[in-house]
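Residue numbers (the working numbering): 52 to 585.
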């Protein structure tokens, strides 16, 4: 796989994501393997040895150019909530996601990613248009009606080529039978797609992470809140639901996975000191992996925590393991892209980001991170295009607002940069990450008075609550005040700020990157020398 991916002649490489995914899905010989780098931190599950994935020049097809293959393909659309209570949407969405995840465990079925499928929710599209946008030949749609402890679930499988109904069924059961209903639907889909399962695949299809219906419901409520994490209070609500789910089932791996993501986000966006949240995120991710070692989502969450902790080798090993478990899991490729870009392996990072986009073309995360990788590579127009695509679906996306504002600034289009940064702060006025972004683009535009007003505001806020030192350094770096910039960057290094590591190679720091102190900063991050394993 590696040698073909690295082939000098483009004709000898994989033509697109499907070919690469199929190759990665095949089991290697018993003696295959390669080193994964230094040992992982104490208490972190040690992955088995996995062949490093070497992404080469973005020769992969774009989202609209994925090659047709013989593999059966399906998009699982959000089931309609037909319950009298609109709040039961968490339940219908959760059932949809569980069926989608079950089908995703079968490597011989191409399943459109959750974020891309859910991006079409509420849109008036024909089956043919849905098939084109998701690049699938069949679509599963359905409805859920809940009446107390009774549920009625309808599902139908439709061909996107002609709208023909391939299969349909209705289930009237008690709530306690919800797991069996999900299993029956997934197996019916596999049968109608004429996929032959191995014994192991049959077990994977029926895999459950809990038998406790109450814990399951609480987890679904938590995920429903989590997908709205940038709305004030939603992360806290999600965390509470995950903790309540664990109180009902202390071995519920998915709830630990949810907790890990919930603790990671405040670190990523400098909302809380890393020392307050990253150890908790690591503990939750580690426990999720211990309980469900074959869950790609848990491995990817662990990799994110390691990425935020500057543990580059461990993060790379976690992403390789996640991709080995599920080659079609887009977020693993996308986070791997961010890692590779941070390590200075820009061409590989761009190719990994392109693969993540091909696997999940409508996801704000895959588009947002791809934009930042492009920004790092000084492909500003490409970054802007990805951000615009993200902001169409998520106008408050922090990653997209960061990428588009900085990219416009780098192009000298300061009016556009300031406009996006101001709009972002107006949508989330209490988020210091966006306030600092506005100050930085003011500084890059030469609007020193406005930049210093934002800076003074942040410094005043830092007297009464946490403000990430990296954020303040952004502004000083572009006010031609390198001494103050490095003063705050040193503070960020001392506290191991997540935002420092993941943006250190951005053009944002061009004005100070030639200073010898910047090389010392790279050494502090473990990025001073080549040879870190991605």
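Yeah, the Cβ is synthetic: ideal placement off N, Cα and C, and Gly gets one too. Quantities reported herein were computed from a predicted structural model and do not represent experimental measurements.
Here residue 440 is buried. Its C-beta has 16 or more other C-beta atoms within 10 Å.
Residue 132 carries a strand assignment under DSSP once its states are collapsed to helix, strand and coil. Annotated three-state conformation of residue 337 is helix, per DSSP. Taking C-beta separations shorter than 7 Å and ignoring five residues to either side along the sequence, the partners of residue 272 in its chain run 141, 292, following chain order. Excluding residues up to 5 positions away in sequence, 415, 419, 441, 442 lie with their Cβ nearer than 7 Å to the Cβ of residue 448 in the same chain. Taking the Cβ atoms as the reference, residue 318 lies roughly 4 Å from residue 549, within the contact range of under 8 Å. Around the beta carbon of residue 215, a 10 Å sphere encloses fewer than 16 other beta carbons of the protein chains shown; the residue is thus reported as exposed.
Apart from the 5 residues on each side of it in sequence, residue 428 sits with its Cβ closer than 7 Å to the Cβ of 397, 401 in its chain, given in chain order.
The distance from the Cβ of residue 191 to that of residue 208 is about 5 Å, consistent with a contact at the 8 Å cut-off.
In its chain, beyond the 5 residues on either side, 164, 407, 410, 411, 414, 417 have a beta carbon closer than 7 Å to the beta carbon of residue 381. The beta-bridge partner set that DSSP reports for residue 205 consists of 194, 221.
At the C-beta level, residue 559 and residue 491 come within 9 Å of one another. For residue 160, no beta strand (DSSP E) encloses it, and the DSSP letter there is neither H nor E. Residue 178 is not a Cβ neighbour of residue 171, given a cutoff of 9 Å. Within 10 angstroms of the beta-carbon of residue 249 lie fewer than 16 other beta-carbons, which makes it exposed. Closest in C-alpha terms to residue 231, from the list 246, 479, 218, 263, comes 263.
Under the Cβ criterion (8 Å, minimum of three pairs), the segment 303 to 322 counts as touching the segment 332 to 342. Separation of the CB atoms of residue 125 and residue 297 is rounded to 32 Å, and the pair is thereby denied contact status at 8 Å. Short of 6 Å from the beta carbon of residue 518, and not among the five residues preceding or following it, lie these beta carbons of its own chain, in chain order: 483, 509, 512.
Setting aside the 5 residues that flank it on each side, residue 432 has no residue in the same chain whose C-beta is closer than 6 Å to its C-beta. Look at the beta carbons and you see the segment 128 to 140 not touching the segment 155 to 162: under three pairs across the two are nearer than 8 Å.
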